[in-house]
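Q: One structure is given below, represented as structure tokens, and several questions about it will come after.
Residue numbers (the UniProt record's numbering), protein chains in the order written: chain L, 1 to 280; chain V, 1 to 292.
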């Protein structure tokens, strides 16, 4: 039916090159010595210093207190990504269950309070949020890092939409079989939403991992630095060196983008499904 | 709401409590704080404050820096949205037309979604760097005295290009999904009625894709407003002369670096109103889509 034209493939390949080249150059250049980069510019092909650069970035302690390396930052990012996505899924499946399957006084009032949080991203209320977290003594803690980010009802909205599309007959049948609200949720509703949960988990993991502004504001203790905010640190450090460590900075950016990119590529099918179905 | 529902007195409250608590503490409280502070004048050490009514707003609106930032945000958002949507649409249409190897193309065109804006910003910084950046050398070789440190236009060019790069893949996913949800029968009918591929795209495909397009536009404006913070902070920090500071970046600069709480809060409130307007539009479109 369709006749494939070589021009179509050419356009797609150019598109892929446009997206791929910056990362390719960053990766290739990270395997050279900083002197090479300073003298000859960024490189298109790989050098011989892959292991030297990456082991230095991963294991050598740097930073103001000389206590932070990429392994630690990657761990912190993992805690943030997992904590954010898992926390958000637990809280929002429960809340969405209450909203869709129960009739209770003040239910719709709570519903509107929760959904008002969709309106304002953290970025527009960063300073008062910082003050609140500081008043609660949560600066430089995983709790302070994760909880304020969870305070947006995006996932609740997706689960509410999904639960509403679950046929009523399922609940009827479950009731006839004598299932209470707890049994119904654990044995029927959660297994039904498995794909949805997986998709939201992937999207939220990427969102959590990639957070930048909030971690910068609320962590001053370097042992809580995430790898994405390590980018800011290493950019600041560049100016102080006689030979700027471009290779290390680029290696850190590759380390920072690898985990979320792997997650998206490996779980491509679920990821696209979740993104497209949930946000419509 | 479901016809069939559970009746339980305490359980729903227990289920909704964690979410409500987090929203109350980390959303309602700070948002109320922002509104309160926008009417107050506080000294930089937070020791004393007094009610000044709308003075903060008047000052913000009358400020030249704010006007610069507002104009930049407008141009920046429009260009980022237009360029990344146009590019994504082109790629989606081509990928949709291909049967063999489509999934390979799909993976290759979507993975940039997962790259953090700050990481994109750092790689962009290096690509445009004066001493090591190949793009800088290339642009200079074309006769353009390219210097993002001094020239607002050049700096804007770099942040726009990196922001577009970062956003193409998200738009691609939505456009491809939108294209593939057009029923086969409609496509075949169009193919019979209209031999010219370009005209078929304009008269049949594009109108059917319009709801997706509008939705993607809203996502892109939100992205340009908020998510590009990482790009701007790593690439230009609003320089030169505040010429590349978006409104969100200015809230951060004035409030956190400049310790002007009242002014920054007033800016937050203005942004809240803007976003509120945007959301109302978005919900209207969502409603329409559900009835579609």
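Where a beta carbon is used, it is the ideal one built from N, C-alpha and C, also for glycine.
Just so we're clear, the structure is a prediction, and the values are computed from it rather than from any experiment.
Could you pull the DSSP bridge partners for residue 62 of chain L from this structure?
A: Answer is L:68, bridged to residue 62 of chain L.
Q: Quick check: the region 222-240 of chain L against the region 61-77 of chain L, are at least 3 beta-carbon pairs closer than 8 Å?
A: Yes, the region 61-77 of chain L is in contact with the region 222-240 of chain L.
Q: To the nearest angstrom, how far is the alpha carbon of residue 128 of chain L from that of residue 50 of chain V?
A: Taking the straight line from one Cα to the other gives about 17 Å.
Q: Three-state secondary structure (DSSP) at residue 40 of chain L?
A: In this structure, residue 40 of chain L counts as helix in the three-state DSSP scheme.
Q: Check the DSSP bridge columns for residue 49 of chain V and list the partner residues they point to.
A: For residue 49 of chain V, which the question treats as bridged, DSSP gives the partners V:42.
Q: Please identify, using Cβ separations under 7 Å, the residues of the region 43-72 of chain L that lie next to chain V, in order along the chain.
A: So nothing in the stretch comes that close.
Q: What residues in the region 190-210 of chain L have a beta carbon less than 8 Å from any beta carbon of chain V?
A: Those residues of the region 190-210 of chain L that come within reach of chain V (Cβ to Cβ, closer than 8 Å) are 206, 209, 210.
Q: Determine the closest residue to residue 274 of chain L out of L:30, L:198, L:130, with distance taken between C-alpha atoms.
A: The shortest C-alpha separation from residue 274 of chain L is found at L:198.
Q: For residue 102 of chain L, which of helix, strand or coil comes out of DSSP?
A: DSSP places residue 102 of chain L in strand when its eight states are reduced to three.
Q: On the three-state DSSP scale, how would you describe residue 6 of chain V?
A: DSSP places residue 6 of chain V in strand when its eight states are reduced to three.
Q: Distance check for residue 206 of chain V and residue 95 of chain V, CA to CA, integer angstroms please.
A: In a straight line, the C-alpha of residue 95 of chain V is about 16 Å away from that of residue 206 of chain V.
Q: Would residue 67 of chain V count as contacting chain L if we go by Cβ distances under 7 Å?
A: So, not an interface residue.
Q: Output needed for residue 150 of chain L: all residues of its chain with C-beta closer than 7 Å, excluding positions within five of it in sequence on either side, in chain order.
A: Taken in chain order, the residues that qualify are 84, 87, 88, 91.
Q: Taking the Cβ atom as the reference point for each residue, do residue 120 of chain L and residue 272 of chain V lie within a distance shorter than 7 Å?
A: Closer than 7 Å, so yes.
Q: Measure the CB-CB distance between residue 249 of chain V and residue 242 of chain V and report whether it falls below 7 Å.
A: Not a contact, by the Cβ cut-off of 7 Å.
Q: According to DSSP, is residue 253 of chain L part of a helix, a strand, or is it coil?
A: Here residue 253 of chain L sits in helix by DSSP.
Q: Am I right that residue 193 of chain L and residue 152 of chain L are in contact with their C-beta atoms under 8 Å? What's the rounded C-beta distance?
A: Contact doesn't hold; Cβ gap of about 20 Å is too wide.
Q: So is residue 268 of chain L in contact with chain V if we call contact Cβ pairs under 7 Å?
A: By this cut-off, residue 268 of chain L is an interface position.
Q: Straight-line CA distance for residue 195 of chain L to residue 224 of chain V?
A: Answer to the nearest angstrom: the Cα atoms are 30 Å apart.
Q: Are the C-beta of residue 275 of chain L and some C-beta of chain V separated by less than 7 Å?
A: True, the Cβ-Cβ gap to chain V drops below 7 Å.
Q: Using a Cβ-Cβ cutoff of less than 6 Å, which residues in the same chain neighbour residue 171 of chain V once the five nearest sequence positions on both sides are dropped?
A: Cβ within range, chain order: 84, 85, 88, 216.
Q: Express the C-alpha separation of residue 113 of chain L and residue 72 of chain V in angstroms, rounding to a whole number.
A: Their backbone Cα atoms lie some 33 Å apart in a straight line.
Q: Are there 16 or more other CB atoms within 10 angstroms of the CB of residue 221 of chain L, so buried, or fewer, so exposed?
A: When all chains shown are included, residue 221 of chain L counts as exposed.
Q: Compare the C-alpha of residue 25 of chain L against each of V:262, V:125, V:37 and name the closest.
A: Per the Cα distances, V:125.
Q: Is the region 32-44 of chain L touching the region 242-256 of chain L in the sense that three or more CB pairs, one from each, lie closer than 8 Å?
A: Yes: at least three Cβ pairs fall under 8 Å.
Q: Can you tell me which of the three DSSP states residue 182 of chain V falls into?
A: DSSP places residue 182 of chain V in coil when its eight states are reduced to three.
Q: Among V:283, V:131, V:220, which one has its Cα closest to the Cα of residue 81 of chain V?
A: Closest option to residue 81 of chain V, Cα to Cα, is V:220.
Q: Expressed to the nearest angstrom, what Euclidean distance is found between the alpha-carbon atoms of residue 176 of chain L and residue 79 of chain V?
A: The straight-line gap from Cα to Cα measures roughly 57 Å.
Q: Please decide whether residue 167 of chain L counts as near chain V, where near means a Cβ-Cβ distance under 7 Å.
A: Taking Cβ atoms only, chain V never reaches closer than 7 Å to residue 167 of chain L, which makes this a no.
Q: Looking at residue 230 of chain V and residue 118 of chain V, is the spacing between their C-beta atoms short of 7 Å?
A: A contact, by the Cβ cut-off of 7 Å.
Q: Please say whether residue 261 of chain V and residue 37 of chain V have beta carbons closer to each other than 7 Å?
A: It is a contact, given that the beta carbons lie within the stated cut-off.
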